[in-house]
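Chains as they are written, first to last, in this note's numbering: chain W, 885 to 1219; chain H, 885 to 1219.
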């Protein structure tokens, strides 16, 4: 299996993707294609010992920065690393692609170059969030705003397939993010979506609320990408503030530092379960081939997790099953 | 000043409202009218020592539970404590009202009985959230779904007046909750709201994101009530999970309990800054007289904070200023 990595995107590129690639070819039995400036990547790789035939470099001398208009940049910058990577994926030169760069550019590359699965109205970004009951999926986490009820239903179906195949959850529960648990609660979008989800081929458990995100009430949380993005960033921001404050408390004095020694193990364990780096990247679901977005601030550990996830994404035939289920829906509609 | 309290609503009623009322008449120089079943309230009060002329009881023998359809219940249950309280407020028998009961019933009572300020399209629930930079306002936190751009602008104006008067912030900054910081980011609603806020009489700082909630980037966060409710409950849920886990870590063994002693002070201080009970209730902004929603799980400390807030709400003439600003807008529009 070959994973294509945009090695120029993200806060710690190219160091983090290169280090993760070396670890991945040794431990995961995959091959890696690093896409980026050849000289830079060769130099970065020269510091590592690894099986040389397992990592190759595809040259791309441009990048799309976080400040560019994504769709326009993807159309104009033919030599940008993410564009080159997407074209290679499309042409079958690899089995999945991964980028830590500009999210919009990756989404645009997925849509415009890799292409949508027939019948999928809008591909969605699916993020795994930590919860009291293990990782749960938030879909859409930000690819689409102003969604229609049909979009949310497809997100629920695609998310369920991913959770079943990649995370081995037998019958993933689906919750519809709303402002109250009762069936009548919600805005226009969720009120119209509710009856559709009841009849969809998913394990729908009804409306859920914001507090259910961290409680882990549902395996798949379906919502508009605007709402999903707000949830994702609220959780990230709160995690940051809490962890900064706790750190400040523990390092305040010699006295508190001693106290910290007693509880550090437990706190680190908890921090680890809440660490996005453990959960790999966010799959873009609904494209013809596997596309994964790694967090922009990913270190090599996080990139490695994302490569591991890309491998599972390919191995467990998520896309074939999405094709089957979504075209099944289309047939029902037309028949 | 007289504060009317629905003494039958909330998880800890009537104990918490009664205990808080006793403390408030002693420490805040206010009078309290407790609304509820006279016998029950008399019995509850009999355990306390307080100036008898400062607390009176208004009889109401019905309640609206959390499972009833709010507007219908408010119309039908004339003797429900929240309905009696709202009618007393309307008739000038008190200066503000407070309820810890069914949120929908309080909103409906505010709208249908107390009434909207002329020109206010939709009153909004405004919640104070803890942040790294002190309490910030989230408006609308759940009173309205499917808002229009004009609603969000009015929320920003009303929220700014409240933060200026009650929290003494000179020129409160306003952020528009969106899925990206750049002006072009957002859904249809926020994209249309952005230029209106630029021209509104508020200190608008542009789009903000979920992570800005806890960072405390803006004093007033304006958004649709669906989004606000999701944010509020996501933060509450995460606070609960984190605090449960940290507690579990500290009480795991004798060893960790010893460690806890060293850092407990700092952690408790931090917990206190993150404690909703310190921030009082959520004002409903846009009604003709002050209406405040206390958290359903409020203990007597939280009810006391809410009474304190109600007092400041009245004292600082928030409503007069809203009237002036919103009717000012109307004139400009018509002129």
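Cβ coordinates follow ideal geometry from the N, Cα and C atoms, glycine included. Predicted, not measured: the structure shown is a model, and the values here were computed from it.
Between the alpha carbons of residue 1151 of chain H and residue 986 of chain H lies a distance of about 33 Å. Among the bridge pairs identified by DSSP, residue 1088 of chain W is matched with W:1058. Residue 1001 of chain H and residue 1058 of chain W have their C-alpha atoms spaced approximately 41 Å apart. Residue 963 of chain H and residue 924 of chain H have their C-alpha atoms some 16 Å from each other. Taking C-alpha positions only, residue 997 of chain W is separated from residue 959 of chain W by approximately 9 Å. Residue-level contact check: residue 1102 of chain W does not touch chain H, since none of the beta carbons of chain H fall below 8 Å from its beta carbon. In the three-state DSSP reduction, residue 885 of chain W falls in the coil class, being neither helix nor strand.
As DSSP reads the structure, residue 1204 of chain H sits in no beta bridge. With a contact defined as Cβ atoms closer than 8 Å, residue 1133 of chain W and residue 1154 of chain H qualify at about 6 Å. By the neighbour-count criterion, in which 16 or more other beta carbons inside 10 Å mark a residue as buried, residue 1156 of chain W falls on the exposed side. Counting of Cβ neighbours within 10 angstroms places residue 1083 of chain H among the exposed residues, the total staying below 16. Bounds of any beta strand (DSSP E) do not take in residue 1180 of chain H, whose DSSP letter is neither H nor E. Counting the other Cβ atoms within 10 Å of the Cβ of residue 1201 of chain H gives fewer than 16, which makes it exposed.
Listed in chain order, the alpha helix (DSSP H) runs fully inside the stretch 912–1000 of chain H are 922–929, 954–960, 965–974 and 987–993, counting runs of at least 4 residues. In the DSSP assignment, residue 1175 of chain H forms a beta bridge with H:981 and H:1168. Excluding sequence positions up to five before and after residue 1100 of chain W, its CB lies within less than 8 Å of the CB of 1015, 1016, 1017, 1018 and 1020, all in the same chain and listed in chain order. DSSP lists H:919 and H:983 as the beta-bridge partner residues of residue 890 of chain H.
Proximity to residue 1112 of chain W across W:1060, W:1034 and W:927 peaks at W:1060, based on C-alpha coordinates. Burial state of residue 935 of chain H is exposed, judged by a 10 Å Cβ sphere holding fewer than 16 other Cβ atoms. Taken through DSSP and simplified to helix, strand or coil, residue 1196 of chain W comes out as helix.
In the DSSP annotation of this structure, the continuous segment of the beta strand (DSSP E) that includes residue 1104 of chain H starts and ends at 1104–1106.
Proximity of residue 1113 of chain H to chain W, defined by a Cβ-Cβ separation below 8 Å, is satisfied. In the DSSP assignment, the residues bridged to residue 1020 of chain H are H:1013. Neighbours of residue 1095 of chain W in chain H, taken as residues at a C-beta separation under 8 Å, are given in chain order as 1117, 1118, 1120, 1121 and 1124. DSSP places residue 900 of chain W in the helix class (H, G or I) of the three-state scheme. Minimum Cα-Cα distance from residue 1045 of chain H among the listed residues H:1188, H:919, H:1169 and H:1176 corresponds to H:1169.
What residue 1151 of chain W touches in chain H, judged by beta-carbon distance under 8 Å, is 1130 and 1133, going in chain order. In the DSSP assignment, residue 1152 of chain W falls within the unbroken alpha helix (DSSP H) covering 1138–1157.
Within the same chain, and ignoring the five residues on either side of residue 1039 of chain W in sequence, the residues whose Cβ sits closer than 6 Å to its Cβ are 1008, 1023, 1024 and 1106.
Taking residue 922 of chain W as reference, the option from W:1104, W:902, W:1109 and W:1126 with the minimal CA-CA separation is W:902. Counting only the Cα atoms, residue 1119 of chain H lies some 25 Å from residue 949 of chain H. Taking the Cβ atoms as the reference, residue 1177 of chain W lies roughly 6 Å from residue 983 of chain W, within the contact range of under 8 Å. In terms of CA proximity to residue 946 of chain H, H:920 leads the group H:920, H:1186 and H:1074. If you check the CB distance, residue 932 of chain W and residue 906 of chain W come in under 8 Å.
Identification of residues in the stretch 981–995 of chain W having a C-beta nearer than 7 Å to some C-beta of chain H yields an empty set.
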